[in-house]
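Student:
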Amino acid sequence: RGTDGLDLAREVACSQGYDWNEGPWISPSHPIASAEDDNRPAVAVIDFGVKRSILRRLVIEGFSVRVLPPDTSADELITGDYAGVVLSNGPGDPSAVAGACSLIADLVGRVPILGICMGCQLLGLALGGRTVKLPFGHHGGNHPVRELATGHVLVTSQNHNYAVEESSLPREVEVTHINLTDGTLEGLSLPKAGVEAVQFHPEASPGPNDSIELFTRFAERCREGTS
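Position 137, counted from 1, in the sequence shown is what the numbering used here calls 139; the numbers after and before it change by one each time, with no gaps.
Here's what the structure looks like:
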């Protein structure tokens, strides 16, 4: 059985919301440029076991970051005036995370969404797809992924045992990335709804930064929605 049917996200997620404003450690000799803006757009991160490196990357992109528990309601997110929502990574079986699919389904088309790792799996479920447990999980910092729009191969950091089954997704969902090792789905999007998700970790830390621009694209979508 392993992790099948286990909602492990609830065991590691926060129970109360909190603000995050810490960026990455910056070397004095190699500073990292970050967006300087007194009026930072607010982004909500739904915590299923979020890596702090994701939060730090959002700060770099110029966001005011609020981390919220998985039982947050869609109404709270919409009335909270958030420019976007991030669905975080997390452990366990995505199909066992109670309430997540209905929450995400209520948000699609109302606010820009970025899903990472489990966030991608939960988004796939919310859009009507299925998740499957991989015969061999993806773990490590050197997984090759093809970005279908460009044909580019990205070296990615991964840590998951489940994936969205591509054939289960509705036609309107675009597959954006494919794993070159086993052909499994690594990314999906609903462009008209401002929704994008990837199975790998674009923030890396550790790992390569080939896909870091996913955060920049998300920031652009959020700013377009608030302009």
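Ideal Cβ placement from N, Cα and C applies to all residues, glycine included.
1. Quick one: Cα of S169 to Cα of G64, how far?
2. Does DSSP put F217 in a helix, a strand or coil?
3. Could you spell out the range, first to last residue, of the alpha helix (DSSP H) harbouring V14?
4. Based on the DSSP secondary-structure assignment, which residues constitute the bridge partners of N161?
5. Can you give the Cα-Cα distance for M120 and V166, rounded to whole angstroms?
6. Is it a yes or a no for the region 75–84 touching the region 42–57, going by three-plus beta-carbon pairs under 8 angstroms?
7. If you run the structure through DSSP and keep just helix, strand and coil, what is A128?
8. Excluding sequence positions up to five away, which residues of its chain have a Cβ less than 8 angstroms from the Cβ of P172?
9. Any idea which residues DSSP pairs N181 with across the strands?
10. When the distance is taken between beta carbons, is P93 closer than 8 angstroms to C16?
11. Please go through the same chain and pick out, in chain order, the residues whose beta-carbon is closer than 6 angstroms to the beta-carbon of P26, but skip the five residues on each side of it.
12. How should T178 be labelled, buried or exposed, when 16 other C-beta atoms within 10 angstroms of its C-beta is the threshold for buried?
13. In or out: Y164 buried (at least 16 other Cβ within 10 Å) or exposed?
14. Given this structure, state the Cα-to-Cα distance separating S75 from L105, to the nearest angstrom.
15. Go ahead and label S229 buried or exposed: buried means 16 or more other beta carbons lie within 10 angstroms of its beta carbon, across all protein chains shown.
16. Restricting to runs no shorter than 3 residues, where is the beta strand (DSSP E) found entirely within the region 43–92?
17. Less than 8 angstroms separating the beta-carbons of Q201 and H162?
18. Rounded to whole angstroms, what's the CA-CA distance from I28 to L187? Just pull it up for me.
Tutor: To lay it out plainly:
1. 37 angstroms
2. helix
3. 11–14
4. H141
5. 10 angstroms
6. yes
7. helix
8. L129, G130, G131
9. V147
10. At least 8 angstroms separates the beta-carbon of C16 from that of P93.
11. Cβ neighbours of P26 beyond the five flanking positions: R58.
12. buried
13. buried
14. When rounded, the distance between both Cα atoms is 7 angstroms.
15. Unreliable positioning characterises S229 in this predicted model, as indicated by a pLDDT of 44, which lies under 50. A coordinate reading is not provided.
16. 44–48, 66–70, 86–89
17. Result yes, Cβ atoms of Q201 and H162 sit closer than 8 angstroms.
18. 34 angstroms
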